[in-house]
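Numbering (UniProt numbering), first residue to last: 1 to 727. We put the beta carbon where it would ideally sit given N, CA and C, even for glycine.
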Amino acid sequence: MAVFSNSTSEPVFSLKPSQFLSQPPPSLSLRFFSVSIAADNRNHSHRLRHSSSSSSKLYNPIFACRASHDSHETDSSRRKDDDSPVHDLSEKIVGVLGGGQLGRMLCQAASKMAIKVMVLDPSENCPASALAYDQMVGSFDDSATVEEFAKRCGVLTVEIEHVDVATLEKLEQQGIDCEPKASTIRIIQDKYLQKVHFSRHGIPLPEFMEIKNLEETKRAGELYGYPLMIKSKRLAYDGRGNVVAKSEEELSSAIDVLGGIGRGLYVEKWAPFIKELAVIVARGRDNSILCYPVVETIHKENICHIVKAPADVPWRIRKLANDVAYKAINSLEGAGVFAVELFLTRDGQILLNEVAPRPHNSGHHTIESCYTSQFEQHLRAVVGLPLGDPSMKTPAAIMYNLLGEDEGEPGFKVAHQLIARALEIPGATAHWYDKPEMRRQRKMGHITLVGPSVGVLEARLKPMLREEGYENSNGVAPRVGIVMGSDSDLPVMKDAARILNMFGVSTEVRIVSAHRTPELMYSYASSARERGIQVIIAGAGGMVASLTPLPVIGVPVRASTLDGFDSLLSIVQMPRGVPVATVAVNNATNAGLLAVRMLGVGDADLLARMNQYQEDTRDYVLTKAEKLWKDATTTCPKLALVQLESNNNAREELMGITVTVTFLFCFILFFAYQHVSAIRPLPDVEDQLFAAIFNKNFIIQVLQRGTVPPSGGNPCTNIPGRSGGGC
């Protein structure tokens, strides 16, 4: 690292930049600051370019504010101390306990903000080591090490909550700035204390209770029912420390898996969730709170695997999730970014699962998708800058976690193949954490896709999921639900699934009978929207349409009696206010195509594929017609002339039959009219109206002469009883 002294512009080189950090040159002012990094896991260097200024009234070019360590400094004191040195925020070191991938991405954000980040981590080759301003090798739960580390930093924060809280509390008493506060870390690192704290603040949670022996665990099972979630109080994250007991017989083994009762356990009532949601919440030093858009998280073996932003849930659910997240963070102390994990239940409730006092996996997408990433936001918060805009700058984003698929070199090979595949996807950005060891289910990197809609991004991601061998309803949520009352409808309804699969639209197929399983039908229809379903195709579909705001397409299925006419009538005669789109009997193909068109309204790629399908269909028909005509004329060269002559003869015969039938009809009407007139003469007005409608005189003339008047002639001239003008 190159460090410049006060008296000369010649650099002084040292292999230990930390030696210079605690004693900044007294008159050195950094106005312009840039960092260029060239590093691997074992070596990194910093090249600093700066210019000094004779004036001490300096403004940080990044933050556009006067640099000062004392935010309460008055104007008079500033004028008084004009000749004293002023240190920019770029000189203030943010110390991070932990040097994993979160610390690495904090360093990346800090390099753009002229903020120095120093990390404390036991591994010399930790992911943040290559990018950090400096690293101290040591354990972040060792009191002496943390105290020594804190002396070198202006503000202390965490990238992992499992640190020595007692040391943080001691440092705070000594005046060391810790964000978020040690009291918050103490609450959050113990999951049971976390539940107690939020329960006291009126935040909705699954029911829970502490357990101290097997008998208490059995009583909890009797109280809450099964399945029952058993959790460790501490060191539980990324699926570790959680076991599900499906019956009382499994309680003992579940406790053993978690290390026994002595480790500290509690139980939670199973939350019947249909989606897992998350909200990243930023809290400033001034207690201002901003929420990022609600996202949906999808887990693979209890580890976050895919994040969809924004979550495809109704506005009411988004507002409820934000309200719960806001209330939870408002009950804590300190500045920084927090992650609030939530459950969405079948009945539309939002329950808090847990909170992390740091940047989180569910917020990685913000680097590409939001105006202010969660990492920049965390730095803004802990150093006292105004919070940035958390809103999305792209319509949609999907974050895909690269988890270790194997140990060692085979695992690295799979991960690198996935990254190469991802970089072929439009709108994709890859992040590699540079971890030296590969293990199964270890977070090795992530990929973020941005695009016009979540549906488009799901379609783009699907080939990569297939390549990874992870393609199911948990990976890409279905957009269309196909429901039927019986498996006997499947031969018809499968055509809809075939069409949707051809267009790359994810689907789910369910047997849901409105008559035999009404509660299942009710549950399916009422929860479809929250589960990400956008269109439902149903055999009939009237009852489903009455329970969901989603568009429903009814397919009349031909039964053994009435040929499907009863099903068709049941759809088209739905009462006002319960619309059901209808296709022809047994035409599930059209139902699938109609669903694609509905989705295409908000999905440009899907609409383009529909346009291509229509063009292909037209070309297919024209090609078949041309081939048929070519084959026919090749077999019989005179076929064209014969067909033309045949068409002319047929046309003449048809015209003759039409004229004959018309005259017979008019003749009958005429004699009926004469018969009625002889009995009761019609009024003149009725007479004229009848004549105008049926052109009676024209018929009389034709019958008398046997010929049609010449073109342009008046058919009403020279008719007995009439003189002169027309009729």
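Taking all protein chains shown into account, Phe667 has fewer than 16 neighbouring C-beta atoms within 10 Å of its C-beta and is therefore exposed. In this structure, the beta-carbon distance from Ala325 to Val279 falls below 7 Å. Per DSSP, Asp177 has no beta-bridge partner at all. Cβ atoms of Arg479 and Ile419 stay farther apart than 8 Å, at about 27 Å. Excluding five sequence positions before and after Met118, the CB atoms of its chain that fall closer than 8 Å to its own CB belong to Ser18, Leu21, Ile93, Val94, Gly95, Val96, Ala132, Tyr133, Asp134, Gln135, Met136, Phe149, Arg152 and Cys153, given in chain order. Cβ contact annotation for Ala459 (same chain, cutoff 7 Å, sequence separation greater than five): Gly504 and Asp605, in chain order.
By the C-beta density criterion, His515 is exposed, having fewer than 16 other C-beta atoms within 10 angstroms. For Ile230, the enclosing beta strand (DSSP E) begins and ends at Leu228 to Ser232.
Three or more Cβ pairs closer than 8 Å define a contact, and the stretch 330–338 meets that threshold against the stretch 180–198. Contact check for Lys308 and Leu403: beta-carbon distance about 17 Å, past the 8 Å limit, so the pair fails to qualify.
Taking C-alpha positions only, Gly481 is separated from Gly363 by approximately 29 Å. Taking a 10 Å sphere around the C-beta of Lys116, we find 16 or more other C-beta atoms and assign the residue as buried. In this structure, DSSP gives Cys370 an extended state, which the three-state scheme calls strand. Ile553 and Gly564 do not touch by the CB rule: their CB atoms are close to 15 Å apart, not below 8 Å. Note on geometry: alpha-carbon atoms of Gly577 and Ser570 lie some 15 Å from one another. Here Ser567 is not near Pro575, since their CB atoms are 7 Å or more apart. According to DSSP, Trp270 shares a beta bridge with no other residue. If the five residues before and after Pro314 are omitted, its C-beta is found closer than 8 Å to the C-beta atoms of Arg529 and Glu530, all from its own chain and listed in chain order. Annotation for Arg510: the continuous beta strand (DSSP E) segment containing it runs Thr507 to Ile511. Ile187 is positioned such that its CB atom lies no closer than 7 Å to that of Val165. Sorting Gly260, Trp629 and Glu268 by C-alpha distance to the C-alpha of Leu205 places Glu268 at the top. Here Ala525 is not near Ala591, since their CB atoms are 7 Å or more apart. For the pair Arg285 and Ser506, the Cα-to-Cα distance works out to about 45 Å. Closest option to Glu368, judged by alpha-carbon separation, among Met464, Lys393 and Ile350: Lys393. Considered as a whole, the stretch 379–412 harbours 396–403 as its complete beta strand (DSSP E) runs of no fewer than 3 residues, in chain order.
For Ile185, there is no enclosing beta strand (DSSP E); the residue is part of the alpha helix (DSSP H) that begins and ends at Ala182 to Gln189. Within the model, the alpha-carbon separation for Ala128 versus Lys233 is close to 28 Å. Of the residues Glu626, His162, Asp121 and Ala282, the one whose Cα lies closest to the Cα of Leu385 is Ala282.
As computed with DSSP, Met209 is found in a beta bridge with Val267.
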